[in-house]
Structures are given as structure tokens and as C-alpha cells.
Amino acid sequence: MDYIANFFGYILNFLYDFVQNYGLAIILFSVLLKLLMLPLAIRQQKSMKKSQELQGELKKLQIKYKNNQELLQQETMALYKREKISPFSGCLGTILQLVIFLSVFYLVSRPLTYMKKIDSQVISDYEQQISQNQENKSNYKEIQIIELYSDKDDRVNLNMNFLGLDLSKVPTQNWEDFRVFIIPLLYVITTFVNIKITTSMTNKKKEEEKKKDTDSDNDKEESIEDQLEGMQGMTKSMSYMMPIMSIAIAMIAPLGLSLYWLISNSLQLIERIAIDKFSKNSKEKETKLLEGKK
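Under the numbering used here, think of the first position of the sequence shown as 536, with each following residue one higher.
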């Protein structure tokens, strides 16, 4: 995480030097990172869509090899291989998101180290001064250094004022200032809107696939559906766990982190809708082309 946070720091500092505002730099950083991740997001969404289209085939395999789990696993993997998709693509995407999640947290909580590349001895000296002067204690020493010494030392000066909000502030340490809850609240709203729309899109696709699948036996179908519902329930729980965890962290982290998550959430929502719409249009054109050939 340290290496990635350090690399992200170079990018964020370059953007900050360009716009001279920490909030704007974070927004540009969020957009740039999302653009760099776009090819992977498109590939992952295509893989997920293709996996949903294979549900009918997977059900048939589960019915055919219900008494032989080893053979079922082999045939399932062979099906994925023939269709050139990875059953682990979703897991890899989640792991990558977690790595980025932690790296950005490191970056935002220690901007002098990762972004400004200030010598560790300089930071240590300021920390000792804060301790000796018995200044208000904070879990984010580098943020406190910026707050206390930015006017005296250009090396630790960062313009964290964004639309009247101080992005160095931590919500749980500033209960008297209602403004510190604006960005986390917007983040919470976009998080659950994102989950709602994504779930709705996924359920709609599943319903479409169910209508196509008319070959399975009803009793066996119910058994398979029960298994699938259990798996879906687990996946749904996991999809809620990460946002809830990040919401809790947003309350105890500097507002700069919440701003990054807010912009990322908004971009992710636009990205999913755009990719889904593009996929539908491509599929409709492909269907019309095939019908024209007939």
C-alpha cells in the first residue's frame, strides 16, 4: 500500500501544483483514476453479463451432475474456458478496489509524506513541537501540522479550503460544525443510490434470462434456484459490507477522503449506466444484423 500511496502522491501533487486547490486536485485525481480503470471496468462488466447469460447452461450442468460435485466443478470450469470468461473476475475487481481504497486513505491521511514528500525529520520535529505545546490532539498528525504551521512554513502549506469547507477537518472531531457532515452525507446518498441502481440492473438481467430458460424441470429448477438465491444473498451482503465500512471510516477521516469517495461514487454510477446502455445498443444492433441475414 505504501508504494501505491507514494505513486498516487506524485499524481495528486502534480494536479495540486496545477490548480492550487486541494479539493479540485482530488476531484481531478478521482476522474483521472476512473479513466485509467475504465478498460478494466468495461471488461469486468462484460464478463459479469456473459456469466449471467450462462446461467441456463450452468443450471443444466448442476442438474446433470448433481450427485458428482467433482465432475460438476470440472464441467463448469470447462464451460467458462470455452466462453473465455473468468469466474474470478469479480473477486479480482473487488481486491483491486480494496487496494486503491487503502492506498488513497494512506495518501489523504498523510499528505505531507505521500503528496508533498516532506522529509520525515521535518515532520517529526513538528510533531514534537505539537506534543510539547500540548496542542489539541489528533489522530492525523500531518493534517494537524498543516493546520498549525501552514502560514509559517511554505513546505507544509496546502490550500484545503474547498467551497467554504476545510477538507482537513474530521467529522467526529468537529461536531459543532454541521458543514463537516455535508460531504459524508452526500457520499452516503450516492453509495446507496449506486447499490440500488446496480441491484435493479442486475435483477432485470436475471429476469430476462429466466424468461429465456424454458427447458429445465420445475422441481429441479426450484432446488437450483434455492442454491442460487443463497449465493446471491451472500454476494448482496458483501456488496453492502464495503460501503458501510467506508461510511464508518468517512466519519473518522479527513474530509478529503470523503470528497474522493463522493466523486468516485458519482463517476461509477455514470460509468455503469453508460456501459449498460452501450452494451444494450450493441446487442440490439447485433440482433438486427442477424435477423437481416436470415
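Note that beta-carbon positions come from the ideal geometry of N, C-alpha and C, so glycine has one too.
query = Given 8 Å as the limit, is there contact between the stretch 777–792 and the stretch 636–644, that is, 3 or more CB pairs closer than that?
reply = yes
query = Residue range of the alpha helix (DSSP H) that F713 falls in?
reply = Here F713 belongs to no alpha helix (DSSP H), and DSSP marks it neither H nor E.
inquiry  = Using a Cβ-Cβ cutoff of less than 8 Å, which residues in the same chain neighbour T721 once the five nearest sequence positions on both sides are dropped?
reply    = The question names Thr, yet the displayed sequence has Leu at residue 721. Within the same chain, L721 has close Cβ partners L797.
ask   = Just curious, the alpha helix (DSSP H) that Q597 is in, first and last residue?
value = Q590 to K599
inquiry  = Which residue wins for smallest C-alpha separation from T726, given the options E682, L683, N541 and Q803?
reply    = Q803
Sub-8 Å separation of K585 and I620 beta-carbons = yes
ask   = At what residues does the alpha helix (DSSP H) containing R617 begin and finish?
value = Q604 to R617
ask   = Looking only at its own chain, which residues have a Cβ that is under 7 Å from the Cβ of I787, when we skip the five neighbours before and after it?
value = V705 and T707
ask   = Assuming R690 and L700 make a contact with CB atoms under 8 Å, what is their CB distance in whole Å?
value = About 24 Å; that fails the 8 Å criterion.
query = So, L614 versus L607, is the Cβ gap smaller than 8 Å?
reply = no
query = With 16 as the cutoff for other CB atoms within 10 Å, does A540 come out buried or exposed?
reply = buried
ask   = Taking contact to mean at least 3 C-beta pairs separated by less than 8 Å, is the stretch 672–681 in contact with the stretch 569–580?
value = no
query = Short check: CB of L559 to CB of I546, under 8 Å?
reply = no
ask   = Assuming L698 and S685 make a contact with CB atoms under 8 Å, what is their CB distance in whole Å?
value = Not a contact, Cβ separation roughly 19 Å.
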